[in-house]
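Let me begin by presenting the structure, written as structure tokens, before commenting on it.
Numbering (our numbering), first residue to last: 1064 to 1238.
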């Protein structure tokens, strides 16, 4: 979890920096408005040289404001990418554990109830992956292909084997 914590700290620092840049932008906007008022007053007094200087200051403040906004926007984009990466790393780790559990269940032929619980957990993660796909997030998880193992039947189990087989077939079709 050290890498995840480090990534979350970087995300926090970048968000903080972005907010700071946005504050600087608002400050420049206020200073620009103040310089425009000075331009207006200088023109009313007939001070054209002073008005020109104030106008140059207003233009410079406007440029600073736009630069701060551009940089804040770029930082926000980086934060969004890093946040997505952190979430996908978590989902990938979770799915890896689920796949390992499924493989061990298939290899040992353990009871159907445990396998059903594992499949339910896998389906939840798969739904999360579909949501990520709906939002245009690229996910590259190297899931192993499910082997064609037969599931042993146990008469004491209350789980409907046909339902479990159907869900497994759906998962194979999705993969």
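All C-beta atoms in this analysis are idealised placements derived from N, C-alpha and C, irrespective of residue type, glycine included.
May I have the straight-line CA-CA distance separating residue i from residue j, to the nearest angstrom?
i: residue 1217; j: residue 1164; result: Confidence is the limiting factor: at residue 1217 the pLDDT is only 47, short of 50, which leaves the residue's position unreliable and the question unanswerable from this model.
i: residue 1190; j: residue 1184; result: 10 Å
i: residue 1122; j: residue 1138; result: 25 Å
i: residue 1152; j: residue 1131; result: 31 Å
i: residue 1141; j: residue 1159; result: 27 Å
i: residue 1097; j: residue 1115; result: 14 Å
i: residue 1229; j: residue 1235; result: 10 Å
i: residue 1182; j: residue 1076; result: 39 Å
i: residue 1187; j: residue 1143; result: 24 Å
i: residue 1162; j: residue 1080; result: 39 Å
i: residue 1157; j: residue 1166; result: 14 Å
i: residue 1127; j: residue 1087; result: 9 Å
So, with DSSP's three-state summary, where would you put residue i?
i: residue 1213; result: Caution is warranted here: a pLDDT of 46 is assigned to residue 1213, below 50, making its placement in the model unreliable, and no coordinate value can be reported.
i: residue 1109; result: coil
With distance defined between alpha-carbon atoms, name the residue in the options nearest to residue i.
i: residue 1149; options: 1071, 1170, 1231; result: 1071
i: residue 1073; options: 1145, 1160, 1194, 1167; result: 1145
i: residue 1136; options: 1066, 1067, 1084, 1111; result: 1084
i: residue 1091; options: 1161, 1120, 1232; result: 1120
i: residue 1226; options: 1179, 1186, 1128, 1093; result: 1179
i: residue 1082; options: 1126, 1107, 1167, 1133; result: 1133
Problem - Entirely enclosed beta strand (DSSP E) segments - the stretch 1107-1187, minimum 3 residues - result: None, since the stretch 1107-1187 contains no complete beta strand (DSSP E) of that length.
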